[in-house]
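For the sequence shown, this note's numbering assigns the number 3 to the initial residue and increments by one for each residue that follows.
From the three backbone atoms N, C-alpha and C, an ideal C-beta is built for every residue, glycine too.
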Amino acid sequence: MADLNEQSSSNSDTAQMRQIRQLVLGEDGLHVRQTLKDNARELVGDVFSEALHDRETQDGSVNKVLLPIVEKSVEKSIATNSDRFVSYLYPLIGSLVRKSVTAFITELLEKTNTLIENSLTIKGLTWRFKAWQSGVTFSQYAASQTFAFRVEQVFLIHRETGLLLNSVSLGLELEADADMVSSMLTAINDFVSDSFNTNTGKVEQNLDVVRTDDFTLLLKKGPKASVVAAITGNMPQGVANQLQTTLEEIHKLYDKELDKFDGDSIPFNNSEHQLRDCLMTVLKPEKDSNKKPWMAWTVVLLILLGCGFLLVKRWNSHELMNQVRLIDSAPGILLTSIDTLGLEQIQLEVLRDPASVSVQEWLELNGIDSNLVVFKERAYLSLDPPLIKDKTEKIIADYPSVKVEWIGDFPKFSGNLTNLNKLLLQGELIKLIGLNFQTNWLDDLIIEGTESTANDDPELVRAILDLNIAKIDRVSIAFEAGQSQLSEQAIEKLISVKQQFENLIEVAEQQELSLGLIIMGASDTVGTASFNKILSQKRADNVKLKLQELGIAGNRLNAIGLGVIELETAKDAARKVMFNVVYFEGG
Numbered sequence: 003m004a005d006l007n008e009q010s011s012s013n014s015d016t017a018q019m020r021q022i023r024q025l026v027l028g029e030d031g032l033h034v035r036q037t038l039k040d041n042a043r044e045l046v047g048d049v050f051s052e053a054l055h056d057r058e059t060q061d062g063s064v065n066k067v068l069l070p071i072v073e074k075s076v077e078k079s080i081a082t083n084s085d086r087f088v089s090y091l092y093p094l095i096g097s098l099v100r101k102s103v104t105a106f107i108t109e110l111l112e113k114t115n116t117l118i119e120n121s122l123t124i125k126g127l128t129w130r131f132k133a134w135q136s137g138v139t140f141s142q143y144a145a146s147q148t149f150a151f152r153v154e155q156v157f158l159i160h161r162e163t164g165l166l167l168n169s170v171s172l173g174l175e176l177e178a179d180a181d182m183v184s185s186m187l188t189a190i191n192d193f194v195s196d197s198f199n200t201n202t203g204k205v206e207q208n209l210d211v212v213r214t215d216d217f218t219l220l221l222k223k224g225p226k227a228s229v230v231a232a233i234t235g236n237m238p239q240g241v242a243n244q245l246q247t248t249l250e251e252i253h254k255l256y257d258k259e260l261d262k263f264d265g266d267s268i269p270f271n272n273s274e275h276q277l278r279d280c281l282m283t284v285l286k287p288e289k290d291s292n293k294k295p296w297m298a299w300t301v302v303l304l305i306l307l308g309c310g311f312l313l314v315k316r317w318n319s320h321e322l323m324n325q326v327r328l329i330d331s332a333p334g335i336l337l338t339s340i341d342t343l344g345l346e347q348i349q350l351e352v353l354r355d356p357a358s359v360s361v362q363e364w365l366e367l368n369g370i371d372s373n374l375v376v377f378k379e380r381a382y383l384s385l386d387p388p389l390i391k392d393k394t395e396k397i398i399a400d401y402p403s404v405k406v407e408w409i410g411d412f413p414k415f416s417g418n419l420t421n422l423n424k425l426l427l428q429g430e431l432i433k434l435i436g437l438n439f440q441t442n443w444l445d446d447l448i449i450e451g452t453e454s455t456a457n458d459d460p461e462l463v464r465a466i467l468d469l470n471i472a473k474i475d476r477v478s479i480a481f482e483a484g485q486s487q488l489s490e491q492a493i494e495k496l497i498s499v500k501q502q503f504e505n506l507i508e509v510a511e512q513q514e515l516s517l518g519l520i521i522m523g524a525s526d527t528v529g530t531a532s533f534n535k536i537l538s539q540k541r542a543d544n545v546k547l548k549l550q551e552l553g554i555a556g557n558r559l560n561a562i563g564l565g566v567i568e569l570e571t572a573k574d575a576a577r578k579v580m581f582n583v584v585y586f587e588g589g
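Right under this line is the structure:
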């Protein structure tokens with residue numbers, strides 16, 4: 003009975019205390035909350051700095067929370083007030099740029115030196131071979147040999163759904179595979195859990211470490227999220243500890259976001275700062291710091307020697323080409339093409355007058371090794387004045403009693419000759435194309451021997467005949483492009499040809515010679531070959547018909563169409579009709 007009285011008294015005291023608490027504090031502590039709200043700024047302001055300092059000292063989470071907020075604020079401020087930020091930063095730009103350039107050049111030189119040492123050595127070549135054998139890139143294999151360990155990539159995965167929340171990596175090329183790796187790990191983990199958890203009531207089975215030949219995957223699981231690290235090299239315990247610390251921080255900072263996760267990973271973008279703490283790298287100690295990359299220097303030296311050799315050969319080839327180009331100034335030689343052939347030889351193509359010096363002789367005269375020059379030559383008729391002089395003097399050399407002096411480009415002949423030799427000399431000079439021989443050039447020659455008529459001297463008659471034939475052979479009839487009609491000037495020339503040919507017939511008959519005139523039509527390269535062949539034949543036929551109208555018997559005339567004259571030097575002059583007088587013994 004006493005116990006009942008004590009219990010009743012205790013319940014009454016509890017009810018009274020509840021009523022007093024409600025009167026003092028208000029319903030659900032309303033009075034206290036209101037008071038705290040009214041004085042929140044003062045209360046928080048008094049301890050804010052100290053609280054931030056204590057929390058940062060405790061676990062360093064303040065910096066990780068504020069850093070993303072400050073970055074976003076600065077980014078937004080720069081976007082909206084870019085001009086003001088430019089004016090603030092302008093005085094610092096010069097020094098910043100200089101420091102940045104200096105740092106970039108220093109880093110570039112260090113990377114280049116490292117690349118040479120690791121690539122152009124026996125060790126580097128061995129690494130490349132082993133990387134090829136392992137089916138991995140050289141950079142990946144080199145990293146495995148250079149670093150004691152390195153955390154290549156870190157994933158943050160939602161525990162319940164297995165979706166990727168965020169990931170960070172040392173190389174951008176790895177980030178594209180983050181979702182695939184996350185899905186793979188989730189699938190493997192589910193497989194292990196389903197396959198090996200055969201007894202109900204036992205703890206769920208999960209993977210903690212996945213090892214391969216190239217890397218290790220370390221998994222740290224929390225109640226709402228998991229952190230996975232891809233590691234190359236020998237993983238120390240410190241990596242696991244850091245992953246555990248990072249996982250705990252993420253659960254503290256993103257507890258509400260993990261509870262409300264609906265597939266959107268945007269709220270976890272700022273977790274990158276926590277995940278990057280796990281990207282740890284430790285280099286292997288250098289075994290021999292004084293080791294010289296002799297293989298690299300050997301390869302570099304060989305490359306420099308090869309480049310030097312090629313430069314010397316190229317220089318010699320260039321000098322040889324400059325010497326050979328002078329052949330274009332030789333009389334009767336026209337250089338059309340010149341180029342290098344291999345490292346030492348020169349290849350050239352020339353047009354050469356048969357009367358000019360040969361290419362082989364010219365090379366020897368100029369001290370050039372002919373074995374270094376490969377040449378092709380085609381014949382052409384040169385009108386170079388020096389070569390015309392040489393040809394003239396070669397003709398005069400057959401007449402020892404005659405001398406020639408040159409007044410500019412015109413010859414002056416002197417000496418003694420018989421009538422026959424004078425006619426023979428005149429005939430040869432007339433045939434010399436480019437000389438433009440004039441009969442009065444031989445007026446100063448003194449005629450030797452007794453005078454004789456043509457009838458008394460057959461050789462003199464034959465010389466006169468050849469001289470007049472040469473005059474007709476030099477005549478040509480020009481035509482307009484694509485035309486075959488005779489112009490007035492052409493008809494006048496044909497009248498002169500008719501008169502000269504009739505005179506030749508008289509002389510030929512006295513010597514019992516049969517005389518004929520070959521009429522050759524030609525065309526330029528304009529138009530098709532078949533059209534030009536027909537056109538050249540028409541031109542020859544029209545000239546033949548006109549000569550027949552003028553009185554020459556048709557049986558003495560023969561018209562031939564030559565078609566196209568394919569000579570670059572001919573050009574428009576190829577549109578013509580030419581003549582060739584022929585005679586045979588026995589009229």
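Contact under 8 Å by Cβ, residue i with residue j
i	j	result
L467	L506	yes
L219	V229	no
Y256	S267	no
Y401	N421	no
L165	G265	yes
K540	S486	yes
K495	I474	no
Q325	I370	yes
M323	T342	yes
A227	L260	yes
C-alpha distance - residue i paired with residue j, whole-angstrom precision
i	j	result
P413	V579	31 Å
E482	R577	7 Å
V477	N582	9 Å
A357	G334	8 Å
E501	V545	Reading off the sequence, residue 501 comes out as Gln, not Glu. Those two C-alpha atoms are separated by around 15 Å.
V64	R57	7 Å
P225	R161	7 Å
K262	Q18	42 Å
K405	L437	17 Å
E430	A555	30 Å
R213	L167	23 Å
I432	F533	35 Å
I449	N318	60 Å
L547	D386	38 Å
N271	K74	12 Å
Q155	D279	11 Å
Distance between beta carbons of residue j and residue i, contact taken as under 8 Å
i	j	result
I340	R354	14 Å between Cβ atoms; not a contact.
F157	S169	5 Å
F586	L515	7 Å
L434	T394	7 Å
L281	V153	5 Å
I497	L447	Actually they are not in contact, since the Cβ atoms of I497 and L447 sit about 32 Å apart, beyond 8 Å.
N375	L365	In the sequence under discussion, the amino acid at residue 375 is Val, which differs from the Asn named in the question. Confirmed, Cβ separation roughly 6 Å.
Spatial neighbours of residue i in its chain, beta-carbon cut-off 7 Å, leaving aside the 5 residues before and after
i	result
H275	K66, L69, P70
D543	A561
S538	G523, A524, S525, G563, L564, G565
L389	P333, G334, D355, A357, S358
D210	L221
Among the options, nearest to residue i - alpha-carbon criterion
i	options	result
I397	N243, L426, N421	L426
L559	N423, F503, S532, D279	F503
D445	A53, A480, R464, N418	N418
R380	A133, I159, S360	S360
E321	L303, I305, G308, E346	E346
E251	I471, L277, T283, M297	L277
T283	S403, T234, A53, T530	T234
L549	E511, A531, V499, G529	V499
M297	T128, R316, L313, I159	T128
A510	I521, T530, V584	V584
8 Å Cβ shell around residue i - same chain, five flanking residues per side excluded
i	result
Q362	S372
A242	L220, K222
F377	Q349, L350, E351, V352, V361
Cut-off 6 Å between Cβ atoms - residues of its own chain near residue i, not counting five sequence neighbours on either side
i	result
M527	The sequence shown places Thr at residue 527, rather than the Met named in the question. Result list for T527: V566, in chain order.
L249	K222, G224, V229
S384	G334, D355
A492	I479
Residue i at chain C interface by Cβ criterion, 8 Å
i	result
D411	Absent here is chain C; the protein component of the structure consists of one chain.
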